[in-house]
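Read top to bottom, the protein sequences are chains V, F, S and Z.
Residues in the first sequence are numbered from 1 upward in steps of one, following UniProt numbering.
Residues in the second sequence are numbered from 1 upward in steps of one, following UniProt numbering.
Residues in the third sequence are numbered from 1 upward in steps of one, following UniProt numbering.
Residues in the fourth sequence are numbered from 1 upward in steps of one, following UniProt numbering.
Protein chains: 4
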Amino acid sequence: MKRIGVGLIGTGYMGKCHALAWNAVKPVFGDVPDVTLVHLGEANEALARERAAEFGFARSSGDWRKVIEDPDVDVVSVTTPNSFHAEMAIAALRAGKHLWCEKPMAPEVADAEAMLEAARQSGKTAVLGYNYIQNPAIRHIGHLLRENAIGQVNHIRVEMDEDFMADPDAPFSYKHQAASGYGALDDFGVHPLSLITVLLGPVASVMCDMAKPQARRKTSEGRERDVETYDIANVLIRLENGASGTLQFNRAAWGRKGRIALQIFGSHGSILFDQERFNEFQLYLTSDRGTEQGFRTILMGPQHEPYGRFIPAPGHGLGFNDLKIIECRELIRRMSGEGEAHVIDFEKGYEIERTVHAMARSFREKCWVDVP
Amino acid sequence: MKRIGVGLIGTGYMGKCHALAWNAVKPVFGDVPDVTLVHLGEANEALARERAAEFGFARSSGDWRKVIEDPDVDVVSVTTPNSFHAEMAIAALRAGKHLWCEKPMAPEVADAEAMLEAARQSGKTAVLGYNYIQNPAIRHIGHLLRENAIGQVNHIRVEMDEDFMADPDAPFSYKHQAASGYGALDDFGVHPLSLITVLLGPVASVMCDMAKPQARRKTSEGRERDVETYDIANVLIRLENGASGTLQFNRAAWGRKGRIALQIFGSHGSILFDQERFNEFQLYLTSDRGTEQGFRTILMGPQHEPYGRFIPAPGHGLGFNDLKIIECRELIRRMSGEGEAHVIDFEKGYEIERTVHAMARSFREKCWVDVP
Amino acid sequence: MKRIGVGLIGTGYMGKCHALAWNAVKPVFGDVPDVTLVHLGEANEALARERAAEFGFARSSGDWRKVIEDPDVDVVSVTTPNSFHAEMAIAALRAGKHLWCEKPMAPEVADAEAMLEAARQSGKTAVLGYNYIQNPAIRHIGHLLRENAIGQVNHIRVEMDEDFMADPDAPFSYKHQAASGYGALDDFGVHPLSLITVLLGPVASVMCDMAKPQARRKTSEGRERDVETYDIANVLIRLENGASGTLQFNRAAWGRKGRIALQIFGSHGSILFDQERFNEFQLYLTSDRGTEQGFRTILMGPQHEPYGRFIPAPGHGLGFNDLKIIECRELIRRMSGEGEAHVIDFEKGYEIERTVHAMARSFREKCWVDVP
Amino acid sequence: MKRIGVGLIGTGYMGKCHALAWNAVKPVFGDVPDVTLVHLGEANEALARERAAEFGFARSSGDWRKVIEDPDVDVVSVTTPNSFHAEMAIAALRAGKHLWCEKPMAPEVADAEAMLEAARQSGKTAVLGYNYIQNPAIRHIGHLLRENAIGQVNHIRVEMDEDFMADPDAPFSYKHQAASGYGALDDFGVHPLSLITVLLGPVASVMCDMAKPQARRKTSEGRERDVETYDIANVLIRLENGASGTLQFNRAAWGRKGRIALQIFGSHGSILFDQERFNEFQLYLTSDRGTEQGFRTILMGPQHEPYGRFIPAPGHGLGFNDLKIIECRELIRRMSGEGEAHVIDFEKGYEIERTVHAMARSFREKCWVDVP
């Protein structure tokens with residue numbers, strides 16, 4: 001692959017994030033093919049033209065199918081709302097394009113399954129935008145686990161909390177309707193699951209509880225309406241590797257802004273991580289002398305791949321958007337067949353989504369459910 | 001009450017802790033009756049004599065019944081292993097003594113119930129040693145919750161973790177036998193429940209999972225034996241006040257030494273606390289200006305009762321043993337009828353223990369259980 | 001200004017950082033002119049060509065003068081080693097180009113003065129790369145100070161520490177020679193001074209000590225050589241506004257990777273900041289109720305300009321390279337005459353460098369020195 | 001020594017703290033002689049009687065000389081205001097009593113010198129109340145330094161900050177008069193110096209600056225008066241062992257309650273400590289693998305002497321008053337000739353006070369001063 005022609009559909013925050021990544025991946029990494037921003041698609045031509053100018057795309061269309069049909073486009077970034085993913089992704093794969101699709105795959109399992117099927121048949125790269133796994137800290141944690149640094153992992157806890165749904169006076173919105181999904185369970189759940197998938201493998205069985213911090217809300221017209229989604233979800237889990245654990249999601253947790261807190265306990269040590277301070281993690285090793293055992297706070301630096309491609313000095317800090325640049329590099333690695341890429345592809349992504357739906361069933365049935 | 005005659009049974013760590021509290025309560029608080037250390041009971045006379053000399057008790061006996069029968073004794077500290085609590089506590093109450101008994105009440109619910117009945121019939125003060133609730137930080141958190149500082153509490157998480165059972169090479173011991181109890185569930189569970197009880201009220205229903213990080217251990221003779229207790233327990237809970245929550249206990253969590261981490265989420269703020277840094281807590285208030293909202297780390301000082309009785313300057317730090325001195329002060333308040341005492345008495349203690357047993361049943365039956 | 005033609009000289013880390021910023025400033029901010037990467041200069045043509053391909057520049061030259069003479073270039077990024085700044089900057093300004101020059105201006109005061117003179121005569125924008133001041137946290141701290149949130153500032157402390165010179169076994173290098181400068185004093189000192197300048201104004205007088213953690217080092221040939229520079233510098237300071245303070249620099253501080261720790265004390269509160277966790281800062285306000293006063297940890301979010309241009313959700317974190325993108329935006333603001341730009345221009349930069357040299361004099365003379 | 005008869009003069013906070021220590025030292029440590037609380041002296045008989053009842057002393061007097069003359073008293077705790085120390089200490093030593101005197105020795109060097117002389121002539125134990133050095137964390141840091149764990153120490157920083165003088169509206173008080181001393185320099189300075197003395201040895205030379213955050217204050221009658229003392233002091237120092245360093249004291253630092261922050265940098269690691277979280281410290285070791293180097297947060301436990309005498313479980317936390325109990329144990333060790341005691345005696349105490357006065361001279365003369 002000498003040159004990559006890029007198409008982008010959707011220019012909300014994730015679209016901008018993809019655009020930034022496509023602009024930066026070559027200056028940051030150097031060792032990638034030339035990247036050409038070919039074609040941007042938006043809901044109408046005016047908006048498409050404006051964003052193309054901002055993001056540096058050569059062409060623009062008010063119809064996303066034009067992007068997919070563009071012969072100069074090799075890979076399509078799909079960053080539209082989740083309900084559009086299936087149609088666009090399947091069309092792009094059928095048109096012979098590689099695919100970089102934002103997570104989750106689709107609100108309905110059937111759609112996710114169809115997407116997976118399309119990817120399998122196309123033989124093209126189909127990667128999901130699970131950027132948290134790209135963090136050098138997470139990648140280094142994975143490395144430590146694989147080399148058995150903390151022994152056999154026997155227990156994990158993952159919390160994901162934000163507070164954008166916490167205000168009891170905020171009006172009833174789309175996110176409070178059942179049509180938007182279960183609530184925190186699917187809104188947040190896929191992220192921790194992406195981390196667990198790459199660090200520890202699949203979830204085997206689940207027992208889920210969900211709760212509504214606020215049962216009713218005023219609509220913008222002043223009527224009271226029942227809230228249909230659950231801003232809180234707590235899940236007891238068992239992993240296939242035998243470890244027990246818990247997952248906790250709360251999108252109404254005042255003070256939490258982007259918390260994804262991991263606790264991983266092993267037979268010879270422990271690992272802690274918090275996404276709100278994602279340039280560091282904590283490690284406890286029983287191999288340290290007894291009088292000096294303690295959690296080490298390890299700041300990321302060039303010795304933690306691929307931090308050094310961004311900054312040669314340690315402790316200076318990557319940003320959230322940088323994780324997307326790393327994801328883009330890994331996507332290119334997969335597209336180019338350069339060796340093992342560190343990505344969540346449609347196979348793994350489908351597994352994550354089935355796990356979420358198993359949790360929802362467990363809540364409805366008030367019992368443990370095996371992930372199918 | 002002009003003078004308090006004290007009897008002490010048991011001189012392990014908690015016995016020493018009671019002795020320190022009885023020695024210090026008058027110098028620290030001043031406004032209490034004179035305290036006389038009358039009679040110490042231990043398993044044999046030699047040990048009793050030695051400890052009496054160390055702890056400052058006037059008399060000693062190798063038979064605990066002598067302590068209970070001593071007419072100069074007004075209140076008996078029972079700090080023996082849990083399985084002895086019922087017999088000693090009931091005997092002391094029947095002998096007309098006030099009682100300060102270490103938690104939990106008893107391994108069997110029936111015994112705990114008998115203890116409660118004895119306390120009711122005696123009309124005497126019967127208080128349990130739940131010292132974590134005495135922390136000025138916890139008491140101030142309670143104060144904030146009662147004045148509605150963070151609005152309606154809708155979610156809580158409590159984790160209690162230590163690592164004394166984490167070493168996979170440690171030999172099979174009594175704590176690994178079913179006779180010692182469930183494992184982390186009862187070993188740890190009563191502490192978080194004591195905090196929840198005083199801060200938020202009773203637990204309504206529970207769904208519990210338990211796990212063994214280590215399935216088999218070598219005995220000291222080198223045989224392999226199945227571990228019968230669970231070092232890990234995770235519980236989904238609902239409180240009577242409607243809040244949802246989770247409890248997590250792990251006594252095999254490398255790196256955790258005395259962690260009891262609370263997260264309390266309300267409609268207008270949040271509170272965080274960790275027992276490993278128990279002279280501080282964190283508070284997030286939505287009433288702060290939007291651009292400066294953040295968790296405040298509040299160090300305890302004389303403005304947080306009763307810190308000032310120990311140290312006149314803020315931020316200098318109480319110790320774990322100081323909490324027992326406060327507990328002793330509250331016990332005296334209850335004994336003297338001085339007004340509302342901040343204690344876990346046998347009524348509340350029995351509620352806590354029923355909750356633990358409900359959790360165990362929920363685990364066995366793999367379903368939600370209402371606390372009876 | 002409809003379109004900005006960019007020239008870049010130097011492609012070490014700071015050159016890459018400028019290139020990333022020039023690539024991203026339009027996608028991130030939108031409301032800026034089109035940016036065209038016109039001409040890249042490096043030490044030889046091959047390297048220039050390679051980097052131009054990576055960074056997205058249209059033309060390349062092995063002679064930096066070609067970049068300056070290119071009529072399509074409006075602004076030149078100078079990112080070469082410090083000793084080259086003066087010649088290149090003065091040439092660029094004389095050629096009628098705007099200038100974005102990495103800090104510090106020059107090793108010698110006389111050169112810095114000549115650069116300032118050239119900037120004044122040219123009437124062009126001449127901005128220095130003090131990116132730490134661009135952090136939304138630092139900008140918000142400045143906002144709080146201007147609105148008097150912590151009252152009258154009476155004391156400050158700034159520490160800047162890294163550990164890249166800490167290894168006693170590392171060989172003697174250029175940085176150990178007097179020709180490289182004083183040591184930590186000028187290597188680090190300009191950064192804290194840039195923060196003090198924008199937050200609190202000029203330094204009035206200084207009293208400096210410097211120290212060598214390691215007096216001698218082995219050369220790569222195995223000879224021992226005296227270390228001529230000082231890896232540690234400590235400075236007592238007085239600001240023009242009357243506040244007292246200290247500056248501490250240590251480039252041999254094991255464990256510190258990118259620490260720039262600020263402590264700002266005022267009559268009604270305090271502010272803390274640490275560059276190693278630069279997406280947050282801490283604020284203590286005496287206007288909080290006495291029982292709940294504490295340092296708030298405030299995570300950056302869209303309410304802290306210009307965080308929201310990068311990420312719409314709070315607490316997700318900017319990276320070190322993002323600060324350069326903000327700096328680029330401010331440079332464009334100054335170039336375009338769009339209103340007050342938040343930059344360190346040559347006027348302020350010259351003041352910073354005179355302050356550093358006053359410190360060095362104070363050390364030599366072992367007495368307080370007024371900043372000229 | 002089979003039995004220790006204790007006299008106590010003064011019952012302010014430090015008097016109470018001594019009383020608590022004398023009450024607890026035997027129950028906590030066990031392996032000490034019996035302690036008898038013999039005689040308490042206060043300013044008048046009524047107060048003396050009241051405090052004796054609270055603190056458990058058998059006799060009381062309104063005249064401190066009675067305490068010193070009491071033949072049953074072996075050791076006298078002197079906890080009166082600093083200006084009384086010299087007279088009482090010298091009288092007690094001449095009466096053949098051991099002495100436990102609160103720090104500092106005396107406001108005037110001449111008095112401190114006379115105290116030292118009296119101690120030398122008496123041959124009795126004369127120990128100062130520098131309790132911070134008794135912290136198991138500090139003692140373990142000392143152990144690590146002695147075993148060269150972080151290599152050669154080349155730099156230290158110590159900050160001591162509180163905020164009890166920070167309120168600009170607080171009225172002019174005794175502490176603002178020159179008669180009370182220099183200000184933060186002597187009020188705080190002796191504590192960090194006690195730590196430096198036991199950890200790293202004597203200070204060789206000093207260069208001090210002092211500042212007044214508030215130049216004038218209203219008296220309680222409403223007049224404005226010049227503040228004569230300095231709430232802020234900053235000192236550049238050189239240790240006899242060759243290390244450079246800084247000391248910073250601020251008793252007007254809003255938000256700081258009991259901060260004594262140490263940073264110790266060595267050739268192979270670093271150590272951090274903060275008294276506000278004094279049950280832990282941080283350690284960075286270059287012997288850790290490069291990809292996992294980081295500051296370890298080490299919680300105190302039974303493996304850190306003498307924590308285990310208080311609590312058998314790690315991470316449960318000692319309190320500020322517990323440090324006085326340890327100090328009492330060390331005093332007894334010295335009195336009993338049991339081996340090397342970990343104390344600041346009058347020899348070392350005098351050295352500390354000369355160092356403070358050298359700092360004051362350095363400030364007056366605006367130059368470096370060698371500690372005599």
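For every residue, glycine included, the Cβ atom is placed at its ideal position computed from N, Cα and C.
These figures come from a predicted structure and were not determined experimentally.
Query                                                                                                                          : Result
Touching by the beta-carbon criterion (3+ pairs, under 8 Å), the stretch 123-139 of chain S and the stretch 162-176 of chain S : no
Interface positions of the stretch 315-326 of chain S facing chain V (Cβ-Cβ less than 8 Å), listed along the chain             : Gly315, His316, Gly317, Leu318, Gly319, Phe320, Asn321 and Asp322
Cutoff 9 Å: glutamate 159(F) Cβ touching any chain V Cβ                                                                        : yes
Residue-level contact to chain V via CB, alanine 89(S), 9 Å cutoff                                                             : no
Nearest to arginine 217(S) (by Cα), restricted to the options Ala252(S), Glu240(S), Ala89(S) and His176(S)                     : His176(S)
C-beta contact flag for glutamate 351(S) and proline 107(S) at 9 Å                                                             : no
Exposure of glycine 183(Z), with buried meaning 16 or more beta-carbon neighbours within 10 Å                                  : buried
Residues of the stretch 244-260 of chain F whose Cβ lies closer than 9 Å to any Cβ of chain V, in chain order                  : Ser244, Gly245, Thr246, Gln248, Asn250, Ala252, Ala253, Trp254, Gly255 and Arg256
According to DSSP, residues forming a beta bridge with arginine 223(Z)                                                         : Beta-bridge pairing links arginine 223(Z) to no other residue.
Neighbour list for tryptophan 368(Z) in chain S, Cβ cutoff strictly below 7 Å                                                  : Lys366
Contact set for lysine 2(F): own chain, Cβ-Cβ below 8 Å, skip 5 residues either direction                                      : Pro33 and Asp34
The beta strand (DSSP E) enclosing lysine 212(V), as first and last residue numbers                                            : Lysine 212(V) -> no beta strand (DSSP E), and no H or E assigned at all.
Range of the contiguous beta strand (DSSP E) that encloses arginine 334(Z)                                                     : Element bounds for arginine 334(Z): not the beta strand (DSSP E) but the alpha helix (DSSP H), 320-336.
Nearest-angstrom Cβ-Cβ length linking methionine 88(Z) and isoleucine 9(Z), presumed shorter than 8 Å                          : 6 Å
Pairwise C-alpha distance: glycine 15(S) and isoleucine 196(S)                                                                 : 26 Å
Own chain, CB closer than 6 Å to alanine 91(S), minus 5 neighbours either side, in chain order                                 : Ile68
Whether glycine 294(F) touches glutamate 292(S) by CB criterion (9 Å)                                                          : no
Opposing strand residues paired with phenylalanine 281(V) [DSSP bridges]                                                       : Ile298(V)
Amino acids of chain Z, ordered along the chain, whose beta-carbon sits closer than 8 Å to that of histidine 155(S)            : Ala211, Pro213, Ile232, Asn250, Ala252 and Ala253
Chain S contact for arginine 296(F) (CB, 9 Å cutoff)                                                                           : yes
Option in Val78(Z), Val198(Z) and Gly189(Z) with minimal Cα separation from leucine 40(Z)                                      : Val78(Z)
Beta carbon of histidine 268(V) nearer than 9 Å to that of leucine 285(V)                                                      : yes
Sheet register partners of valine 198(F) (DSSP bridge)                                                                         : Answer by DSSP bridge pairing: none, since valine 198(F) is not bridged.
Proximal chain F residues relative to histidine 191(S), where beta-carbon distance stays under 8 Å                             : Result: empty, since nearest Cβ-Cβ is about 25 Å, beyond 8 Å.
Where arginine 296(V) falls, given that 16 or more other Cβ within 10 Å makes a residue buried                                 : buried
Per-residue DSSP class, three states only, for threonine 36(F)                                                                 : strand
Separation of serine 83(S) from glutamate 45(S), as counted between CA atoms                                                   : 21 Å
Three-way DSSP call (helix, strand, coil) for histidine 342(S) in this model                                                   : coil
For proline 302(F) and alanine 211(F), the rounded distance between their alpha carbons                                        : 43 Å
Simplified DSSP assignment, three categories, for tyrosine 130(Z)                                                              : coil
Euclidean distance between Cα positions of threonine 355(F) and valine 109(F)                                                  : 10 Å
Rounded straight-line distance, which links the Cα of arginine 309(S) to that of phenylalanine 29(S)                           : 6 Å
Residues, ordered as in the chain, of the stretch 46-64 of chain V that lie near chain S by beta-carbon distance below 8 Å     : Ala53, Glu54, Phe55 and Gly56
Alpha carbon of alanine 215(Z) to alpha carbon of alanine 52(Z), nearest angstrom                                              : 43 Å
9 Å Cβ cutoff met for leucine 247(F) and methionine 300(F)                                                                     : no
Inter-residue CB distance, phenylalanine 346(S) and leucine 116(S) (contact presumed, cutoff 8 Å)                              : 5 Å
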